[in-house]
Every structure is written in C-alpha cells, then in structure tokens.
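If you read the protein sequences in the order shown, they are chains Y and G. Heads up: the first sequence runs through residues 0 to 311, numbered per numbering that gives the first Met the number 0. Heads up: the second sequence runs through residues 0 to 472, numbered per numbering that gives the first Met the number 0.
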Amino acid sequence: MAENATAQERLFALRAQIARLEGKSLPALAAAEQAQAAENPECEKAKIKQLRLPFGIDPLDVALEGGLPLDGITEVRTRLMGDAGAASGFTFALVSHLKGREVSGGPVLWIGDAVSRQEAGAPYAPGLRQFGLKPHEVLYASPRKLDEALWLAETALASRALSATILEIRGNLKNFGLTESRRLNLRTKAAGRPLFLLRHAGEEEASSASFRFLTEPAPASGRRLPDGSVLGGSIGHPVFRLTLEKSRNPAPLSFLLEWNPHDRQFSLNSKAGEIFSFRTPPAHSGTGLPASADRPDRTPALGHIMAFERAS
Amino acid sequence: MRLTALDEVSERFGLRRGQGLAEARAMFPAIAVVDEDEAADQALIEAIADWCDRYTPLVALDGPDGLFLDITGCAHLFGGEEVLLKDILGRLFQMGFDVKGAISSSPGVSWAVCRFGHGGVISHDDIEKVLAPLPVNALRLDAAAVSSLHKLGLKRIGNLLSMPRAPLARRFGTGLLQRLDQVLGLNEEAISPRRPVAALSVERKLADPIQAEEHILQLTGQVAASLKPGLEARGVGGRVFELVLFRVDGRVFRVLVRASQPLRDPKRISSLFSERLTAVHDDLDAGFGFELLRLNVIEHELFKASQGDFTGDGHGDASFADFVDKVSARFGPNCLQIAELRQSHLPERAEDFMPAMAARVVGENVEEAFAFVPKVDRPLRLFRYPEPIEAFAATVPDGPPQRFRWRRIVHRVVRAEGPERISPEWWLDGKDAEERDYFRLESEAGRRFWIFREGRYKAGDAAPVWRVHGILA
Chain Y
0 MAENATAQER LFALRAQIAR LEGKSLPALA AAEQAQAAEN PECEKAKIKQ LRLPFGIDPL
60 DVALEGGLPL DGITEVRTRL MGDAGAASGF TFALVSHLKG REVSGGPVLW IGDAVSRQEA
120 GAPYAPGLRQ FGLKPHEVLY ASPRKLDEAL WLAETALASR ALSATILEIR GNLKNFGLTE
180 SRRLNLRTKA AGRPLFLLRH AGEEEASSAS FRFLTEPAPA SGRRLPDGSV LGGSIGHPVF
240 RLTLEKSRNP APLSFLLEWN PHDRQFSLNS KAGEIFSFRT PPAHSGTGLP ASADRPDRTP
300 ALGHIMAFER AS
Chain G
0 MRLTALDEVS ERFGLRRGQG LAEARAMFPA IAVVDEDEAA DQALIEAIAD WCDRYTPLVA
60 LDGPDGLFLD ITGCAHLFGG EEVLLKDILG RLFQMGFDVK GAISSSPGVS WAVCRFGHGG
120 VISHDDIEKV LAPLPVNALR LDAAAVSSLH KLGLKRIGNL LSMPRAPLAR RFGTGLLQRL
180 DQVLGLNEEA ISPRRPVAAL SVERKLADPI QAEEHILQLT GQVAASLKPG LEARGVGGRV
240 FELVLFRVDG RVFRVLVRAS QPLRDPKRIS SLFSERLTAV HDDLDAGFGF ELLRLNVIEH
300 ELFKASQGDF TGDGHGDASF ADFVDKVSAR FGPNCLQIAE LRQSHLPERA EDFMPAMAAR
360 VVGENVEEAF AFVPKVDRPL RLFRYPEPIE AFAATVPDGP PQRFRWRRIV HRVVRAEGPE
420 RISPEWWLDG KDAEERDYFR LESEAGRRFW IFREGRYKAG DAAPVWRVHG ILA
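As structure tokens, then:
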C-alpha cells in the first residue's frame with residue numbers, strides 16, 4: 000500500500016515537472032483554474048496579460064494563444080541580409096509595443112553583431128525615437144565574440160533590470176545551438192523577461208523559441224490625409240510580411256502587419272492585395288505579389304498566387 | 000665608453016664609476032662588461048617601488064637608484080622604526096639587492112645618510128651630530144655650488160652649520176640655505192608619491208600564500224566587509240576600487256574596477272572583481288602565490304541610502320547598476336553604450352555614444368529638452384560611412400533615381416519621398432562641403448532605403464555622387 004502511494008507521488012512529481020518544462024499549468028491545478036475562470040473571467044484575463052504580449056489583433060492573438068510570451072524567446076529571422084531593415088523594424092516595433100504597455104520597466108538592451116552592423120548599419124537613435132523608443136531607453140552592447148554576446152544576454156536576463164533584450168546574430172551558428180537556446184530559455188523563464196532573437200540570413204533550426212517569425216519586407220502603407228484618403232506615392236507606416244513558422248498551430252500563418260509608431264499599435268494590412276490567411280510558404284521566394292494600391296497594374300509577377308483579394 | 004655601475008667585487012678592486020672602459024680592461028682584463036639598459040633599470044626600480052607599497056602608500060622615486068618612503072603613521076604597524084627598516088632591508092637583501100636605508104625626520108637627512116653614511120634610524124636630536132662629518136655633496140647641491148664650497152675649504156656639512164647664514168646666502172644664493180634648512184627640519188620638504196593615495200584601504204597579510212582565483216575572491220569579500228564600516232562612517236560609497244595583490248616573489252598586480260553607483264555592499268564589490276578577474280585571467284600569473292592582498296578605494300562619492308521595501312525585489316535601479324557594472328568590469332566600459340541626441344541636422348552628428356556608466360550620472364531629461372527633433376522620418380539603421388551607389392535615370396535637377404545599384408544588386412524604385420535638403424555645417428566641414436538631398440525610397444521588393452545625392456547636377460561638371468546612408472524599417 001505504502002509503496003503504491005510513493006509511486007503515485009513520484010508520478011505526480013514527474014508530471015508536474017514535465018508540465019513546467021512545457022510551460023503549461025499543472026494538470027492537477029488546471030481543472031481548478033478552469034473552474035475559477037468560469038466564475039471569474041476577468042481574473043483569468045489579467046493572468047494572461049501578465050505573461051503575454053498581445054498584438055491587439057484578435058485572430059492573431061488567438062493563433063498565438065494570447066500573444067508573445069514575456070517569459071520566453073521569440074525569434075525573428077530573415078532569409079537574406081537585405082531584409083535586415085524589415086526584421087529590425089519588426090523587432091523594435093515589438094519592443095516599442097511592449098514598452099508602450101508597461102508603465103515601469105527598465106531600458107532595452109540591444110546586443111549587436113559586428114558584421115551585421117557593417118552590412119546593415121547600426122541602430123540609429125533619432126530613428127528609434129520616431130519608432131517609439133527614447134534614446135536613453137536603449138542600451139547598446141557590442142560584444143566581440145558570440146560567447147560574450149551569450150554571456151551578456153544571460154546576465155541581462157538574470158538581472159531582471161531590463162524590460163527586454165534583443166540578441167542580434169547572423170546566420171546559423173555552430174556555437175549557438177539547441178543547448179544554448181535552451182539555457183537562455185530557462186533564464187527567461189526564471190526572470191520573466193522576454194528575449195528577442197534577431198537572426199539575419201538564417202535557416203530554420205530547432206530552438207527553444209516559443210515562436211519564430213519569418214520576416215520579409217512589404218510595401219509600406221501610404222500616408223493618410225486628414226479626410227481619410229491615402230496620399231498617392233507616399234511612404235507611410237512600415238509594413239512587414241510575416242510568416243509564423245513555429246508555434247503550436249499546425250499550419251504556418253502568413254500575414255501583413257502594419258506598425259503605427261505614433262499610436263504604438265499593430266494593425267493588419269489587408270489593403271495591399273493579400274488577406275490574412277493560413278497558407279503554405281512558397282516553394283521558392285519569388286518577387287513580392289502585391290501591387291501597390293495607387294498604381295496601374297503591372298505585368299503579373301512570378302510565383303504562386305495563393306489568395307485573391309475579396310471580390311466584394 | 001665608461002663604467003656606469005659596478006658590483007661589489009670590482010669596487011673592491013678599485014674601479015670607479017665614470018672610468019673609461021679601456022682603462023678598466025687594461026687594469027683587469029678579466030672583467031665582464033654588460034651594456035647599460037636604462038629602460039630595464041627604470042622598470043626594476045619601479046617594480047621595487049611597487050613592492051614597497053606594502054609598507055606605505057606614499058612611495059616616491061628618487062633618481063634612477065633611490066626611493067623615498069613616507070612612513071608617517073605606518074611604522075607602528077610593523078613594530079617600530081628599527082624593525083621596519085630591518086624588515087625592508089632584509090627582504091630586499093634576500094631578493095638579491097644591496098640596499099642602504101635610513102629613517103629620519105626629513106628626506107634630506109635620509110638621503111645624505113644613505114649615500115654618504117651608514118644608514119640606520121636617526122632620531123631628530125642626533126641630526127646635527129650625524130650630519131657634521133658628512134661631505135657637502137650630501138646636501139644634494141649642484142656641481143658648481145659644491146666645487147665653489149670646496150674652493151673655500153668648506154668640505155664638511157659641519158663647517159657650514161657653524162657659519163652665519165647671511166654671508167652664506169650672499170655668496171651662494173638661497174639654494175644652499177634651503178637645502179640646509181631641509182636637512183635640519185626647519186623647512187618641510189614634500190616627496191611626490193607615484194600613485195594617488197587611496198581614501199580608504201584594507202589589507203590582509205597571509206601566512207600561507209594563496210593561488211586559486213576563488214580564494215582571492217573569497218578574501219576580497221572578507222576584506223570588503225571590513226571596508227564597510229569605514230565607508231559608512233564617512234557616509235560615502237566607493238566608485239573606483241583597486242585590488243592590489245603582492246606576489247611572493249615581489250611582483251605586484253593591480254586590478255581596477257569601476258562602479259556606476261557608489262558601492263558599499265561587500266558582495267557587489269567582490270562580484271565586480273569576480274568579473275574583472277575572469278577578464279584578466281591570463282595576465283594574472285599567480286606563480287607561487289600571493290602573500291598580501293589590499294583593497295583600496297580610489298574614488299568615492301556620497302552614498303544615498305535608500306530604504307528597502309518588504310517585498311525585497313524593489314531594487315530595480317540597483318540591479319540595473321549592478322548589470323552595467325558587471326558588464327563594464329568584464330568587457331571594459333566601452334562595451335555597453337548609450338546614445339545621446341545632439342543638436343545637428345547632419346544625421347551622423349545627431350547622435351553620440353557614451354559609455355553607459357558615465358551616462359547614468361548625466362541627467363536623463365537634459366537631452367530631451369535640447370535635442371533637435373527632425374520632422375521627417377529618419378532611418379532605423381544608419382551606416383557609419385555612407386556607401387556609394389550607382390544611380391540610374393535620376394530626374395534632373397533634383398529628383399530621385401528610377402533605379403540604383405548597391406552592392407552589385409539593382410533595386411528598382413517604386414515609390415520615393417523627398418528631397419529633404421540638409422546643408423553642410425560650414426563651420427566644421429569647410430566652405431567646399433556639398434549639400435545633401437535625402438530621399439526615402441521603396442524598392443520593388445518592399446525594402447526601404449535612405450539615400451542622398453551629394454551636390455547637384457551642373458552643366459559641364461561630373462555627375463554628383465549618390466550614397467545610401469541608412470535602411471528604413
């Protein structure tokens with residue numbers, strides 16, 4: 000009898016450990032939580048709010064189970080170095096969005112990569128300011144080696160003094176594999192601070208990141224005039240073409256996301272010819288599909304057209 | 000070539016400094032001659048001076064072959080002046096140096112007694128008695144003064160002491176009298192120490208030398224803990240700390256760490272050293288171990304005590320400062336930087352980077368008030384040096400290009416905004432600097448660039464240069 004009980008206890012302990020590793024609530028407690036949530040939905044929402052960073056777009060937040068994790072790694076990758084602008088823009092937009100939500104919180108740490116700085120330039124304070132991040136809110140670290148960068152990221156997370164950490168790396172590095180990424184993930188879990196991994200010109204690889212976005216550039220939205228119309232030929236708020244490659248959702252999700260730096264808000268950009276859709280990524284990266292709204296149609300570009308604009 | 004230094008044996012043979020080498024060889028063909036290396040001599044005397052730091056923080060160099068130690072208030076720590084002198088001379092002798100030393104109430108007397116007498120401890124009352132038989136050279140006079148004193152038959156200091164002062168001053172100037180006053184203790188003479196004196200310093204002598212890094216760190220923590228009452232009594236915290244490690248064989252290592260905030264907490268001080276020691280790991284050769292460890296507070300500032308709260312995790316500022324300190328201790332202060340806006344229209348001059356440690360001192364809102372805020376969008380990433388591009392089919396005179404080639408890739412421009420004209424800063428760039436017309440471009444692929452044309456299209460001249468300066472989100 001007693002043996003049976005000890006075995007049971009061990010089983011529960013192991014289950015609890017697995018649940019913790021997977022980032023779920025404990026199975027035993029889950030039922031109780033659900034019951035509580037049914038009674039008091041506000042409380043449940045507040046709980047999610049603490050650990051998640053919602054985009055404020057309902058279909059997207061549902062797909063992300065409430066938003067990006069604030070105690071985990073989010074990876075943003077590009078296929079080419081040339082897309083660094085879009086990827087950095089999206090990452091800084093996320094951080095700015097995060098800072099907009101939080102009242103307090105420390106500065107943001109940018110751990111840069113020397114080669115990427117040569118290739119795509121260094122973050123520019125006046126530009127960041129227009130993006131919603133004040134100059135004294137961003138710290139720039141320039142480590143010489145990857146080891147130093149990882150140490151910096153780890154220390155930054157452990158100190159809990161920084162509201163977010165951005166780690167910029169280039170390509171798929173041998174010294175930054177699953178082990179290192181798991182280590183960082185454990186740190187984020189312990190500290191409750193997010194880490195954004197910005198990978199330029201990298202392939203998909205196994206990591207502990209909760210979500211991975213493939214970022215590609217997309218035509219910007221036009222500038223809006225006071226009467227609501229769009230000023231033709233103008234370059235307004237940036238738009239990113241994002242593919243959610245890694246998540247708990249089975250199908251990759253692709254969408255165009257617009258960042259409004261003034262309101263610090265994301266919005267779905269469906270005007271540019273592509274709607275929010277679940278789609279398979281193209282077999283080969285062709286030229287971008289959408290034609291800008293204010294111009295006559297061009298000759299159709301190469302590649303598959305997966306979804307058409309809604310007729311009505 | 001002349002002899003500049005001699006060892007004991009050759010001195011006994013009767014060779015002198017300043018003697019010609021040929022003459023010496025003629026007298027003693029077997030002598031071994033080594034070229035003089037002034038730099039090495041200097042390094043050696045400085046190393047000995049470093050080693051002497053264990054006795055007093057005030058160590059001054061005296062020419063190429065002497066040291067002054069101000070042991071005011073230090074002698075009792077070593078068991079009195081005689082014991083101290085014996086200890087210094089004994090240890091130096093064991094290292095292989097032939098040293099003479101003297102302790103007296105003024106540097107002048109010690110200098111004279113070391114070089115022209117027998118050394119030892121000289122009490123204040125005996126000064127005249129000890130000095131009287133010494134030659135006048137012992138007063139540190141210049142050669143001309145010495146030779147004119149010799150001409151007058153004034154060969155000993157005793158001769159001068161008994162003379163009236165006024166005629167001496169008239170004949171030899173005030174220099175001689177000043178030297179006399181200095182040796183007699185009537186005129187205070189200051190030595191100039193090599194290193195700044197620490198505001199506070201604690202040390203630990205070890206019976207058994209330590210080698211391992213963790214032992215050093217552990218001891219640092221203990222020593223820092225004994226530093227805390229001193230800092231508290233003054234109401235300050237340390238900004239710059241120095242750990243001095245004296246190796247058994249006389250080598251001295253100094254490890255410096257800086258803190259962005261005044262520090263008192265022993266744990267944080269020792270964690271800073273832990274980062275720093277990791278960084279300097281290869282340079283810190285423990286050899287046979289360290290026998291003396293000292294922690295100095297080089298700079299300190301008023302400490303603002305803050306009350307902790309009950310939750311115990313409300314130390315946001317402290318943990319941030321701790322993070323900055325840790326990184327700066329490990330990778331140097333320039334690894335972590337913070338941007339500041341400057342008042343300039345030129346994009347590359349509109350921002351300036353400074354170490355995060357220094358920036359925390361400056362008020363955060365100052366820049367906000369004075370910074371120039373451009374009305375037009377700026378890029379997210381800026382190239383340090385704008386990269387030249389080939390622009391095709393630009394609208395003359397001041398339109399954007401239709402296509403451009405950058406890093407061997409041709410980008411077709413779909414949309415463009417601009418120009419935004421930025422004039423050069425003639426007070427810095429000179430009269431010939433060209434103005435720039437900036438454009439925001441969007442390529443077919445959706446990439447956005449910030450390019451500019453330097454100068455204008457003019458009839459007859461070469462086409463102006465186009466450059467890409469940044470990347471927009």
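Quick reminder that beta carbons are idealized off the backbone N, C-alpha and C, glycines included.
Residue closest to G:Pro-400, alpha-carbon to alpha-carbon, out of G:Arg-377, G:Leu-440 and G:Ser-422: From the listed residues G:Arg-377, G:Leu-440 and G:Ser-422, the smallest Cα separation to G:Pro-400 is found for G:Leu-440.
Check G:Gly-79 in the structure and name its three-state DSSP category. coil
Sorted by chain position, which residues of the same chain lie with C-beta nearer than 7 Å to G:Gly-234's C-beta, five sequence neighbours on each side aside? Taken in chain order, the residues that qualify are Leu-301 and Phe-302.
Sequence-distant residues of its chain with Cβ nearer than 7 Å to G:Arg-355 (five each side left out): Contrary to the premise, residue 355 of chain G reads as Ala rather than Arg in this sequence. Within the same chain, G:Ala-355 has close Cβ partners Val-323, Leu-335, Gln-336 and Ile-337.
Let me see if you follow: with CB-CB separation under 8 Å, is G:Gln-260 close to chain Y or not? no
Residues of chain G with a CB under 9 Å from the CB of Y:Ser-87: which are they? Leu-379, Arg-380, Ile-470 and Ala-472
Using a Cβ cut-off of 7 Å, which residues of the stretch 144-157 of chain Y contact any Cβ in chain G, in chain order? Glu-147, Leu-151, Thr-154 and Ala-155
Checking 8 Å against the spacing of the C-beta atoms, do G:Leu-2 and G:Gly-17 come in under that value? yes
Under 9 Å by beta carbon: chain G residues contacting Y:Phe-91: Leu-379 and Ala-472
Taking only beta-carbon atoms, is Y:Pro-281 less than 8 Å away from chain G? Note that Y:Pro-281 scores 49 on pLDDT, short of 50, meaning its location in the model is unreliable; the coordinates nonetheless yield the value given after this. No, Y:Pro-281 lies away from the interface with chain G (no Cβ there is under 8 Å from its Cβ).
Beta bridge counterpart(s) of G:Asp-436 as assigned by DSSP: G:Arg-420 and G:Arg-452
Please list the terminal residues of the continuous alpha helix (DSSP H) segment that includes G:Met-26. 20-26
What are the boundary residues of the alpha helix (DSSP H) that includes G:Thr-55? Per DSSP, G:Thr-55 belongs to no alpha helix (DSSP H) and is neither H nor E.
Could you tell me whether the stretch 126-146 of chain Y touches the stretch 190-197 of chain Y, using the rule of 3 or more Cβ pairs below 8 Å? With the rule of 3 Cβ pairs closer than 8 Å, the stretch 126-146 of chain Y does not count as touching the stretch 190-197 of chain Y.
Mapping DSSP to helix, strand and coil, what is G:Met-94? helix
Can the beta-carbon of G:Val-532 be found closer than 8 Å to that of G:Phe-240? No statement about residue 532 of chain G is possible, as the shown extent of chain G runs from 0 to 472 and does not include it.
Taking the C-alpha atoms as reference points, what is the distance between Y:Ser-180 and G:Pro-332? 27 Å
Proximity below 8 Å, CB of G:Ala-462 to CB of G:Phe-438: no
Inter-residue Cα distance where the pair is Y:Leu-317 and Y:Thr-77: Any question about residue 317 of chain Y goes unanswered here, given that chain Y covers just 0 to 311.
Give the residues of chain Y in contact with G:Arg-439, contact being defined as C-beta atoms less than 7 Å apart. Ile-234
Cut-off 7 Å between Cβ atoms - residues of its own chain near G:Arg-466, not counting five sequence neighbours on either side: Pro-385, Glu-386, Pro-387, Ile-388, Ile-450, Phe-451 and Glu-453
Thinking just about the alpha-carbon of each residue, which of G:Leu-167, G:Glu-45 and G:Ala-357 is nearest to the one in G:Leu-148? Of G:Leu-167, G:Glu-45 and G:Ala-357, the residue nearest in Cα terms is G:Leu-167.
Quick one: is Y:Arg-169 near chain G, going by C-beta distance under 8 Å? no
Looking at the C-beta of Y:Val-229, does it have a partner C-beta in chain G at a distance below 8 Å? no
Pick helix, strand or coil for Y:Arg-76, following the three-state DSSP scheme. Under the three-state reduction of DSSP output, Y:Arg-76 falls in the strand class.
How many angstroms separate the CA atom of G:Phe-77 from the CA atom of Y:Val-114? 57 Å
If I measure Cβ to Cβ from Y:Ser-266 and keep anything under 6 Å in the same chain, skipping five residues before and after, which residues do I get? If we look at Y:Ser-266 and ignore the five residues flanking it on each side, its Cβ neighbours are Glu-257.
Tell me whether the stretch 183-192 of chain G and the stretch 91-110 of chain G touch, counting them as touching only if at least three CB pairs, one residue from each stretch, are closer than 8 Å. yes
Between which two residues does the beta strand (DSSP E) harbouring Y:Leu-224 extend? Where Y:Leu-224 is concerned, there is no enclosing beta strand (DSSP E), given that its DSSP letter is neither H nor E.
Chain-ordered neighbours of G:Cys-73 on chain Y, where CB pairs are closer than 9 Å: By Cβ distance, chain Y contributes nothing, its closest Cβ being about 41 Å from G:Cys-73, past 9 Å.
Would you be able to state if there are at least three C-beta pairs under 8 Å between the stretch 91-109 of chain Y and the stretch 214-228 of chain Y? no
Could you work out which residues of chain Y lie near G:Ser-318, taking near to mean beta carbons separated by less than 8 Å? Ser-158, Arg-159 and Ala-160
Kindly indicate if chain Y contains any beta-carbon less than 8 Å away from that of G:Lys-512. The first residue shown for chain G is 0 and the last is 472, placing residue 512 of chain G beyond what the model contains.
Between Y:Gly-272 and chain G, is any beta-carbon pair separated by less than 8 Å? In this prediction, Y:Gly-272 has a pLDDT of 42, which is less than 50 and means its spatial position is unreliable; what the coordinates show is noted afterwards. No, Y:Gly-272 does not count as interfacial toward chain G.
Report yes or no: is there a C-beta of chain G within less than 8 Å of the C-beta of Y:Leu-138? yes
Measuring only the C-alpha atoms, how far is Y:Thr-187 from G:Glu-213? 28 Å
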